[in-house]
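Chemist: According to mature numbering (1 follows the signal peptide of the UniProt record, and there is no 0), the sequence shown holds residues -20 to -1, 1 to 148 in order. We put the beta carbon where it would ideally sit given N, CA and C, even for glycine.
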Amino acid sequence: MHTRRFFAVSLLIASMIAGAQPADPLLHKPAPSFVREDLNKQRIDLAAYRGKVVLLNFWATWCAPCQIEMPRFADWQTRYGADGLQIIGVSMDDDAAPVTALLRKRPVNYPIVMGDEQIGTEYGGILGLPLTFLIDRRGNITARYKGETNLDSLEHDLQRLLREQVTP
């Protein structure tokens, strides 16, 4: 009897340790600020979006899952923009030419800025794409989605943030 209980407790502890993931150091902290020029030559200052919910999406033209997300993000910008959503795309392509070409074929209704190693490092390193962050109205990162993401789940999280009221 004691052996069985010991085994069960040991198995539980081992599974908890194996499933444990390190805490994301960016979560619940202010999003790293940046000022960039988008592809339309407009100044994009992340700090200027405080008071809005920001979906910050790192992507690239060669990333198929990234391109799958983009029409849905454009739809969300249309549907939730009046509720305080701002989507910002950060292309991790080396050159703006393929980005501009892709956006001519598949336009989006949110700004796209060019990323680089610096912004990637500030956001914890871009080890895979797509990489999406949700930033609340206070400017804090509330979620990080790596790789292909369940967009219904992401939309649910987004709606929850849009419903939250900011208290001074």
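#1: Would you kindly check if the distance between the Cβ of R52 and the Cβ of L111 is under 9 Å?
#2: What separation, rounded to the nearest whole angstrom, lies between the Cα atoms of R23 and W56?
#3: For G127, collect the residues of the same chain with a Cβ closer than 6 Å to its Cβ; drop the 5 residues on either side in sequence, then sort them by chain order.
#4: So is Q1 buried or exposed if we call it buried at 16+ other beta carbons inside 10 Å?
#5: Which residue wins for smallest C-alpha separation from R117, given the options I67, A40, Q145 and P12?
#6: Between the Cα of A27 and those of R59, T129, D4 and Q66, spot the shortest distance and give me the residue it belongs to.
#7: To the nearest angstrom, how far is it from the Cα of I48 to the Cα of P91?
#8: By Cβ distance, which residues of its chain are closer than 7 Å to C46, with the 5 residues on each side in sequence left out?
#9: In the structure shown, what three-state DSSP assignment does W42 receive?
#10: Along the chain, where does the alpha helix (DSSP H) that runs through D137 open and close?
#11: Please determine, among A77, I115 and D63, the residue with the shortest C-alpha to C-alpha distance to W42.
#12: For a minimum of 4 consecutive residues, which ranges assigned as the alpha helix (DSSP H) are wholly contained in the stretch 13 to 88?
#13: If you drop the 5 nearest sequence neighbours on each side, which residues of the same chain put their C-beta closer than 6 Å to that of R16?
#14: Find out if the Cβ-Cβ distance for the pair R124, L6 is shorter than 9 Å.
#15: Between A11 and G119, is the Cβ-Cβ spacing less than 9 Å?
Modeler: Taking the coordinates as given:
#1: Translated into positions along the sequence shown, residue 111 becomes position 131. Translated into positions along the sequence shown, residue 52 becomes position 72. In this structure, L111 lies away from R52, with their beta-carbon atoms at least 9 Å apart.
#2: Translated into the one-based positions of the sequence shown, residue 23 becomes position 43. Translated into the one-based positions of the sequence shown, residue 56 becomes position 76. R23 and W56 have their C-alpha atoms roughly 22 Å apart.
#3: Taking the sequence shown and counting its residues from 1, one reaches residue 127 at position 147. Same-chain partners within the cutoff: G108.
#4: For the purposes of this step, residue 1 is taken as residue 21 along the sequence shown, with counting starting at 1. Its pLDDT being 42, under 50, Q1 is placed unreliably by the model, and the measurement read from it follows with that caveat. By the neighbour-count rule (16 or more Cβ atoms within 10 Å), Q1 is not buried but exposed.
#5: Against the sequence shown, residue 117 aligns to sequence position 137. Residue Q145 is the option with its Cα nearest to R117.
#6: Against the sequence shown, residue 27 aligns to sequence position 47. The candidate whose alpha carbon is nearest that of A27 is Q66.
#7: To locate residue 48, count along the sequence shown from 1; it is residue 68. To locate residue 91, count along the sequence shown from 1; it is residue 111. Cα to Cα, I48 sits roughly 17 Å from P91.
#8: In the sequence shown, counting from the first residue as 1, residue 46 sits at position 66. Only W39, A40, L109 and P110 meet the Cβ criterion.
#9: For the purposes of this step, residue 42 is identified with residue 62 of the sequence shown, where counting begins at 1. Here W42 sits in coil by DSSP.
#10: Residue mapping note: residue 137 aligns to position 157 of the sequence shown, counting from 1. From DSSP, the alpha helix (DSSP H) with D137 extends over L131 to R143.
#11: Start at 1 with the first residue of the sequence shown, and residue 42 comes out as number 62. Per the Cα distances, A77.
#12: 44 to 60 and 76 to 85
#13: On the sequence shown, position 36 is the one that residue 16 refers to. Excluding residues within five positions, the ones whose Cβ falls inside 6 Å are I24 and V93.
#14: As a first step, residue 124 must be located in the sequence shown, where it is residue number 144. As a first step, residue 6 must be located in the sequence shown, where it is residue number 26. The answer is yes: Cβ separation under 9 Å.
#15: Walking along the sequence shown from the start, residue 11 turns up at place 31. Walking along the sequence shown from the start, residue 119 turns up at place 139. Taking 9 Å as the Cβ cut-off, A11 and G119 qualify as a contacting pair.
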